[in-house]
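Residue numbers (this note's numbering): 117 to 448. Think of the CB as a built atom: it goes at the ideal place given N, C-alpha and C, for glycine as much as any other residue. Structure record follows, encoded as structure tokens.
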Ligand SMILES: Cc1cc2nc3c(=O)[nH]c(=O)nc-3n(C[C@H](O)[C@H](O)[C@H](O)COP(=O)(O)OP(=O)(O)OC[C@H]3O[C@@H](n4cnc5c(N)ncnc54)[C@H](O)[C@@H]3O)c2cc1C
């Protein structure tokens with residue numbers, strides 16, 4: 117794709133992961149007819165079903181995206197690919213495309229290295245079994261870093277792992293575990309998608325509360341005409357510690373860094389809110405200020421500007437137990 121000198125008229129993308137979404141949306145915005153098909157409902161790195169559904173609906177305003185697609189037939193016809201699928205209403209649709217883009221994951225390129233001759237234990241893909249902490253393969257002076265180990269196929273993780281693997285190789289047989297930074301992932305779609313800290317799917321049920329931020333009525337996002345987005349912030353019910361966040365929305369890459377640094381510092385929501393927030397920026401609404409008190413009460417807040425200053429702000433709070441939504445205005 118990156119070698120194309122001209123744009124095709126149509127592309128079918130398989131895999132709405134990070135790469136499929138970024139490239140699919142870019143092609144669509146360049147005027148290419150795009151359909152994106154996924155399996156099992158997954159979308160980007162998101163695991164929170166509410167955020168996932170919101171993101172899917174946002175992208176569907178621009179191009180056809182079915183994260184849970186049912187493709188029934190696919191064949192090559194000359195220079196084209198013919199795909200038959202059931203649309204969301206269950207109707208059978210057949211479409212022709214100039215290209216099929218398979219963005220369904222990458223495999224470590226270890227073929228041809230002769231690893232089978234090393235005596236290392238290999239998995240079914242031929243990748244050596246390794247310790248995810250030290251990156252050491254068995255007890256051998258062999259280390260595996262970056263996309264080849266497929267733990268976290270991200271550039272900053274590959275760089276950290278490369279350094280750690282190199283240090284362990286140099287100090288072998290003394291090897292030490294790699295110190296990981298706070299989990300951080302950004303999808304460069306529009307709106308962006310981001311995840312920080314623990315993902316929703318990994319949180320222990322009943323032990324966390326969720327703060328909810330909508331970017332739809334957020335001042336700065338509205339002025340930029342980017343007021344599309346929804347964030348969930350997770351906090352430990354007992355300690356008030358920030359556990360993680362998943363969202364789609366404007367300036368997610370910037371918010372993600374603030375949240376990742378907070379996560380790595382082990383901050384509580386209260387400590388995060390004691391930090392300065394300037395007006396008018398997108399970050400003003402994150403994290404929702406009542407997340408801290410929710411930790412004790414178990415209540416969930418829908419949207420809450422926590423800006424300080426002499427401003428009137430509309431606020432919404434939502435008590436999940438009573439399903440009651442309260443709207444009001446207050447002077448801060
Ligand atoms: C389209 C795309 C977009 C991405 N966007 C992002 C992003 O926005 N942010 C982010 O953090 N990450 C992103 N990534 C992931 C990121 O690029 C990788 O995680 C990172 O490059 C991994 O670094 P690495 O050194 O492990 O592997 P690579 O960067 O792939 O380097 C491996 C090198 O080894 C060489 N090689 C392969 N096999 C052999 C062999 N047998 N012998 C010798 N050399 C060999 C390859 O030619 C290559 O030069 C993206 C990836 C793709 C494909």
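Count the other C-beta atoms from every protein chain shown that fall within 10 angstroms of the C-beta of residue i, then say buried if there are 16 or more, exposed otherwise.
| i | result |
| --- | --- |
| residue 213 | buried |
| residue 325 | buried |
| residue 341 | exposed |
| residue 244 | buried |
| residue 130 | buried |
| residue 168 | buried |
| residue 271 | exposed |
| residue 284 | buried |
| residue 281 | buried |
On a Cα-Cα basis, can you pick out the residue from the options that is closest to residue i?
| i | options | result |
| --- | --- | --- |
| residue 360 | 196, 239, 172 and 375 | 375 |
| residue 209 | 226, 249, 221 and 151 | 151 |
| residue 311 | 347, 290, 295 and 139 | 347 |
| residue 223 | 267, 199, 323 and 183 | 267 |
| residue 250 | 272, 230 and 278 | 278 |
| residue 275 | 286, 263 and 121 | 263 |
| residue 189 | 256, 293, 200 and 121 | 200 |
| residue 202 | 354, 154 and 143 | 154 |
| residue 206 | 225, 191 and 182 | 182 |
| residue 141 | 164, 176, 122 and 384 | 176 |
| residue 221 | 158, 145, 119 and 286 | 158 |
State the Cα-Cα distance for the pair residue i and residue j, rounded to the nearest angstrom.
| i | j | result |
| --- | --- | --- |
| residue 166 | residue 327 | 13 Å |
| residue 364 | residue 377 | 19 Å |
| residue 424 | residue 389 | Residue placement at residue 424 is flagged as unreliable, the pLDDT there being 38, under the threshold of 50; a coordinate-derived value is accordingly withheld. |
| residue 242 | residue 228 | 10 Å |
| residue 381 | residue 372 | 14 Å |
| residue 170 | residue 345 | 8 Å |
| residue 334 | residue 301 | 23 Å |
| residue 108 | residue 134 | Only positions 117 to 448 of the chain appear in this structure, which leaves residue 108 out of reach. |
| residue 305 | residue 356 | 31 Å |
| residue 178 | residue 193 | 27 Å |
| residue 174 | residue 322 | 30 Å |
| residue 368 | residue 303 | 9 Å |
| residue 248 | residue 195 | 44 Å |
| residue 117 | residue 219 | 12 Å |
| residue 393 | residue 138 | 30 Å |
| residue 240 | residue 353 | 42 Å |
| residue 318 | residue 296 | 17 Å |
| residue 383 | residue 391 | 11 Å |
| residue 121 | residue 136 | 20 Å |
| residue 147 | residue 124 | 9 Å |
| residue 187 | residue 132 | 14 Å |
| residue 235 | residue 211 | 49 Å |
Leaving out five residues before and five after residue i in sequence, what residues of the same chain have Cβ atoms less than 7 Å from its Cβ?
| i | result |
| --- | --- |
| residue 246 | 252, 253, 260 and 265 |
| residue 366 | 307, 331, 337, 340, 342, 345 and 398 |
| residue 143 | 127 and 150 |
| residue 156 | 184 |
| residue 288 | 257 |
| residue 230 | none |
| residue 204 | 182 |
Excluding five sequence neighbours on each side, which residues of the same chain lie with their C-beta closer than 6 Å to the C-beta of residue i?
| i | result |
| --- | --- |
| residue 126 | 149, 213 and 214 |
| residue 216 | 128 and 197 |
| residue 180 | 151 |
| residue 164 | 316, 348 and 362 |
| residue 191 | 198 |
Apart from the five residues on each side of it in sequence, which residues of its chain come closer than 8 Å, Cβ to Cβ, to residue i?
| i | result |
| --- | --- |
| residue 232 | 238 and 242 |
| residue 313 | 298, 299, 350, 358, 359, 360, 361, 375, 376 and 379 |
| residue 293 | 249 and 250 |
| residue 225 | 264 |
Using a Cβ-Cβ distance cut-off of 7 Å, determine whether residue i contacts chain D.
| i | result |
| --- | --- |
| residue 256 | This model lacks chain D altogether, as it is built from one protein chain only. |
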